[in-house]
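For the sequence shown, position 976 matches number 1129 in our numbering, and the numbering has no gaps at all. Even for Gly, the Cβ is constructed at its ideal location relative to N, Cα and C.
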Amino acid sequence: MKRSTTKSVFIVLCILTVKLLCTNSMFAQGTTNAQILGTVTDAKGEPLIAASVQVTHLPSGSIYGVYTREDGRYNIPSLRVGGPYKITITYVGYKNLEEEGVFLSLGQNLRYNAQLIEEAVVLGEVLVTAKTNDILNSERTGAATNIKREALEALPSLGRNLNDFIRLTPQSRVSSVSTTTAPGTSFLGNDSRFNNLSLDGSIFNNSFGLASTPGGQSNATPVGLDAIEEVQVNLGAYDVRLSGFTGAGVNAVTKSGSNKFSGTAYYNLRNQNFVGNKADTFNVTVLDFDVKQFGASLGGAIVKNKLFFFVNAEGERREDPLQYRAQRPGESVGGSITRVKSTTMDSLRQFLIDKYNYDPGVYDGYALQTYSNKLLGKIDYNINKSNKLSFRYNYLRSYRDVLASGSGAAGFRNGNLNNLNFKNTNYIINNDIHSGIIELNTLFGSKASNQVQIGFTANRDFRESPGSVFPLVDIREGNITYTSFGYEPFTPNNRLDANTIQIQDNITWYLNGHTVTAGFNFESFDFENTFTPTWYGKYTFASLNDFYKSANGETVTLPNYELGFSILPGGQLPIDKITIKQPGIYFQDNVSSLNDRLNVTFGFRLDRPHYYSGSAYRNQLAATYNFKDADGEIIQFETNVLPKSRTLFSPRMGFNYDVMGNRKLQFRGGIGVFTGRVPFVWISNQIGNNGVTKNSINSNNTNKYPFSDEVDKYVPDNPSAAPNFNLAVTDKNFKLPQLARFNLAVDYSLPWDFVASVEAIYSKTINNVTYVNANQVEPKVNLSGADSRPLFPGGNSNRLYANVSDAILLKNTSEGFAYSLCPKLERQFKNGLYAMAAYNFSEAKDIMTAGSIAFSSWRDQVTVNGNNLPNLAYSDFDQRHRFIAALSYKKSYLKSISSQISIFMQSSNQSRFNLVTAGDLNNDGQSANDLMYVPNEGSEIHFKDAATEQEQRDAFMKFVNNNEELSKYKGKYYERNGGILPFLTTVDLSFIQEFGLTVGQNKNRIQIRADIQNFLNLIDPSLGVGDQLISSSPLKFESRDAANIPYYTFTKVNGKYPEKLIVKRASLADVYQIQLGIRYIFN
154 MKRSTTKSVF IVLCILTVKL LCTNSMFAQG TTNAQILGTV TDAKGEPLIA
204 ASVQVTHLPS GSIYGVYTRE DGRYNIPSLR VGGPYKITIT YVGYKNLEEE
254 GVFLSLGQNL RYNAQLIEEA VVLGEVLVTA KTNDILNSER TGAATNIKRE
304 ALEALPSLGR NLNDFIRLTP QSRVSSVSTT TAPGTSFLGN DSRFNNLSLD
354 GSIFNNSFGL ASTPGGQSNA TPVGLDAIEE VQVNLGAYDV RLSGFTGAGV
404 NAVTKSGSNK FSGTAYYNLR NQNFVGNKAD TFNVTVLDFD VKQFGASLGG
454 AIVKNKLFFF VNAEGERRED PLQYRAQRPG ESVGGSITRV KSTTMDSLRQ
504 FLIDKYNYDP GVYDGYALQT YSNKLLGKID YNINKSNKLS FRYNYLRSYR
554 DVLASGSGAA GFRNGNLNNL NFKNTNYIIN NDIHSGIIEL NTLFGSKASN
604 QVQIGFTANR DFRESPGSVF PLVDIREGNI TYTSFGYEPF TPNNRLDANT
654 IQIQDNITWY LNGHTVTAGF NFESFDFENT FTPTWYGKYT FASLNDFYKS
704 ANGETVTLPN YELGFSILPG GQLPIDKITI KQPGIYFQDN VSSLNDRLNV
754 TFGFRLDRPH YYSGSAYRNQ LAATYNFKDA DGEIIQFETN VLPKSRTLFS
804 PRMGFNYDVM GNRKLQFRGG IGVFTGRVPF VWISNQIGNN GVTKNSINSN
854 NTNKYPFSDE VDKYVPDNPS AAPNFNLAVT DKNFKLPQLA RFNLAVDYSL
904 PWDFVASVEA IYSKTINNVT YVNANQVEPK VNLSGADSRP LFPGGNSNRL
954 YANVSDAILL KNTSEGFAYS LCPKLERQFK NGLYAMAAYN FSEAKDIMTA
1004 GSIAFSSWRD QVTVNGNNLP NLAYSDFDQR HRFIAALSYK KSYLKSISSQ
1054 ISIFMQSSNQ SRFNLVTAGD LNNDGQSAND LMYVPNEGSE IHFKDAATEQ
1104 EQRDAFMKFV NNNEELSKYK GKYYERNGGI LPFLTTVDLS FIQEFGLTVG
1154 QNKNRIQIRA DIQNFLNLID PSLGVGDQLI SSSPLKFESR DAANIPYYTF
1204 TKVNGKYPEK LIVKRASLAD VYQIQLGIRY IFN
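Next comes the structure, spelled out in structure tokens:
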């Protein structure tokens, strides 16, 4: 009854809000534009009622106009970002005011107050108070970074990726959820997938969460950089209209056309000839590669002052070589030459072609291709002074060649000296995007306005194979994979279709001293995911000779055979379908009448996600089992039941106080609750891991499956549910991530247009995520000795139910926090100079970081007491110290020539790390997840080999004592992410040489550009070089004696015991790279 009542109340609130939206014409300045507001008074400070305030966007001739209200106040919302603008204020009997050269930033509320002078008064001037600074602004409350077009065009960037500019936010850290995808940027210790990326106000995330950013799996940037007008990063947005993140809200707005036709075209290139080969004292092997970037943009008026267009098209082509090749006659193994012989591969390829008409492709000498094309088009229509309409559509087509996954192989399938697969065993990952949004902004006189946005994004992510359908075959030699051919095992039917629909309507009343906003937001996420590993079969042969024998009809024993198949009626393809629909309502009051210097905003929002699935099947057997939570509480799994709908309440308050009344010194901040989203693959895991849609054969040391090129040869005639299965379920009471965030800052205006700020932020977790294996037993005994961690019984005895390999429960945790303190000095672009410097000190702790698969997210935790009992510890995304500085200076000379140099410098701790024990120390069935115990003295640790025990003990304790990141944990367990790599200082530089030329009546420009990543390494090879661990598991667990005392081996590196834990790295990231480009700009 209680649940029904709550649901009914929420539905009534939504209906009332929709009705309000339909019957009142209101508006709120949104996340795609800017606003000018202020007060018009006479010389005595009395308000002038019905004074005309007109704002003109000079490049497009777009006119916006209102009259002042009874209190002399006015608001002009929905203004284009950029400028210049002309402001005109008139009132009968008073001298007119006109000012040009006003520019607006994304999300800016520019306060423009004016005192008009009567025309009868000869002496005196019109007094204007205009606050054009993004920071010293009465409407600014929480932490935010605005990145303008000047920065996007000038600062260094090799990949033309927004991450290269978002890093201007001091509280950011570049991160990646996978080494095979493009990096994302995390903020304040949160997973980068907890950000909300919007484009012109439309949701533009990788919402399913297989990569940090849309297009990330193919390493593509989803929108051309030349299409972006400005980017805003919000960390403490106390405006309730902004939601969907617990990390940061990253909002980009695209360019628009103007009355003048203008455009640009560019071409960039980079290859191995522009890359360094020395990192400190190490040589870095740089193989041949080729990167080409190109693009063009055009904007103008279709109807002058009325209808405008902007189009942008950009592309990238990249070729990367294989790092390894086959061994030719007369060659030996080493460098890039593998043990795999070219003669063997040639014979095998010909055999497959002759016998099966299957060509596995070449095995070396080919390049891996990366391809992307993106297109964006935008229309802006000035219907009249009161109505402005815009429509934007963008498209991405991208793919990337990826080497075959090494999962399930003995020693991988490529990437080292032992093995080399054929080309057609690789796969192609495709990321395609279609996205559009329409926005209507309407003014209703001086007291109300309205904004409507309707957006749609379709993501199509799918894999392809360069070859035809054929079983995957792994050939071993010496128990290690030698070569592989056939269809990559995780590629069959691998596809994700994701559709996102967004509808938002904001209404605003401009009352005396109050700006009241109410709104409604609706989001719909639809996912169809297909993942069918080993669908075409996977054979493993002990030798190439065994394969030839089996192919010719002889019986051999296979180390392994695997096959996945459907158990749905008629052999239907299992498709995991899930839909999330989330309506939200919000209300906000911006109060400026309390005090001329104080501006306060109060608001709240209610969001209620609903989960649906057309393929959530019930596992009848699992429903009868009594699984256990980490605290021993009995829980039952209902695989067909998704989380309940829960109303999430987000109250917020922000303030801004002008201390001296002249906007030289301001205090600002706020407190509030932020509701984010999860990568929805976490919920979808339940649909695909229920034990009733798919079955598989996984047979070891078997002779029952002679090789056949028929991929369905061994699919049972009447497939049935497997007696053994794994499960993934989401807690019925699961809530989306929420945190409370407190922000306090002070800004002070300094000479020469500098602004000094100090920003403090504290976040406390309300809801985050953790995983529990509800089929794992609680350990009853412990190891003996100094390391007395819990010890599991091992094997099937670790399971409550032996036929359930794992039963993973996704649930909430309230543990976690983060804080940040950041002083900053900044000068905005003016007279050719931009400068910024900031230092951020922060700490972030959480319970865990999840991947994309439920079981591996649980398995890959590192713990002491078992993975069901993780401790609060440093986040994977924690960055303790970060100092950044940016400088750009442009000098014009000889009338039409200019030079511009721009620098971005970062000095920060590198990533955090764990030290674990190799092997399965606690007998939980998982390897390399046991945090290492660091002995206080040598007698606390025992080594396996009696002959070398003392030698190992002495060497290991010397290793511990020599390294601070180890010795600080003596006598204790290593903490998760308890180690931190040293400071790394890097400098990126760009140089632009520009030449002006006149073509007819038009002034055009040609730019020659160089971008240098890791510029310091170009100056000195010892600079800009990162660090790495010599080993993350220096101790290898060998055995336990009858008293449960563990015995270890101190692992040698390159034949000797290591003395240093942290050593210099030598990779492409540690040497300089140069990119050259040319650009033509007209009008």
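Among residues of its own chain, excluding the 5 on either side of residue 309, which ones have a beta-carbon nearer than 8 Å to its beta-carbon? Excluding sequence neighbours, residue 309 sits near 317, 1055, 1056, 1057, 1141, 1142, 1143, 1164, 1165, 1166.
Once the 5 residues before and after residue 617 are set aside, which same chain residues still bring their CB inside 6 Å of it? 581
In its own chain, which residues sit with a C-beta less than 8 Å from the C-beta of residue 759, not counting the 5 before and 5 after it? 163, 166, 737, 738, 739, 800, 801, 802, 803
When 1048, 1117, 1009, 1101 are compared against residue 1265, the one with the closest alpha-carbon: Residue 1265 lies beyond the stretch modelled for the chain, which goes from 154 to 1236, so this question has no answer here.
Using 10 angstroms around the beta-carbon of residue 1219, count the other beta-carbons present and answer buried if the total reaches 16, otherwise exposed. buried
Around the C-beta of residue 1034, are 16 or more other C-beta atoms found within 10 angstroms, so that it is buried, or is it exposed? exposed
Between 856, 1048, 1094, which lies nearest to residue 1261 when the distance is taken from Cα to Cα? This structure cannot speak to residue 1261, because the chain is shown only from 154 to 1236.
Expressed to the nearest angstrom, what Euclidean distance is found between the alpha-carbon atoms of residue 331 and residue 363? Because the pLDDT of residue 331 is 38, which lies under 50, any placement of that residue in the model is unreliable, and the question is left without a value.
Cβ-based neighbour list, residue 666, same chain, cut-off 6 Å, excluding 5 preceding and 5 following: 745, 746
What is the residue span of the alpha helix (DSSP H) that residue 1105 lies within? 1102-1115 is the extent of the alpha helix (DSSP H) around residue 1105.
How big is the Cα-Cα spacing for residue 865 and residue 627? Each residue's alpha carbon lies about 18 Å from the other.
Buried/exposed call for residue 776, threshold 16 Cβ in 10 Å: exposed
Nearest-angstrom Cβ-Cβ length linking residue 442 and residue 473, presumed shorter than 8 Å: 5 Å
For residue 839, which residues does DSSP report across the bridge? In the DSSP output, where bridge partners are listed per residue, residue 839 has none listed.
Applying the 10 Å Cβ sphere with the 16-neighbour rule, what's the burial state of residue 1050? exposed
Taking the alpha carbon of residue 705 as the point to measure from, which residue in 812, 862, 780, 818 has its own alpha carbon closest? Among 812, 862, 780, 818, the Cα nearest to that of residue 705 is on 862.
Which of the three DSSP states, helix, strand or coil, is assigned to residue 565? coil
For residue 1114, does the count of other Cβ atoms within 10 angstroms reach 16, so buried, or fall short, so exposed? Under this definition residue 1114 is an exposed residue.
Is residue 632 helix, strand or coil by DSSP? coil
Straight-line Cα distance separating residue 1160 from residue 1229: 11 Å
Could you tell me the distance, in whole angstroms, from the CA atom of residue 761 to the CA atom of residue 424? 50 Å
The alpha helix (DSSP H) enclosing residue 698, as first and last residue numbers: 697-704
Is residue 1087 closer than 7 Å to residue 1137 when the C-beta atoms are compared? no
Can you give me the C-alpha to C-alpha distance between residue 724 and residue 718, rounded to a whole angstrom? 8 Å
Express the C-alpha separation of residue 244 and residue 192 in angstroms, rounding to a whole number. 13 Å
Would residue 781 be called buried (16 or more neighbouring beta carbons within 10 Å of its own) or exposed? buried
Coarse secondary structure for residue 557, derived from DSSP in three states: DSSP, read as helix, strand or coil, puts residue 557 in coil.
Report the partner residues of residue 522 according to the DSSP bridge assignment. 472
Could you tell me whether any non-hydrogen atom of the ligand NAD is closer than 6 Å to the CB of residue 704? Because no ligand of any kind appears in the structure shown, any question about the ligand NAD cannot be addressed here.
Could you say if the stretch 870-880 and the stretch 821-834 meet the contact criterion of at least three C-beta pairs nearer than 8 Å? Segments in contact, no.
In or out: residue 287 buried (at least 16 other Cβ within 10 Å) or exposed? buried
Boundaries (first-last residue) of the beta strand (DSSP E) holding residue 418: 415-424
Applying the 10 Å Cβ sphere with the 16-neighbour rule, what's the burial state of residue 1150? exposed
Throw me the rounded Cβ distance for the residue 893 and residue 917 pair, which I believe falls under 8 Å. 5 Å
Once you ignore the five residues that flank residue 454 on each side, which residues in its own chain have a CB closer than 6 Å to its CB? 412, 461
Near residue 1126, what residues of its chain come up, given a Cβ to Cβ distance below 6 Å and the 5 sequence neighbours on each side ignored? 1017, 1084, 1086
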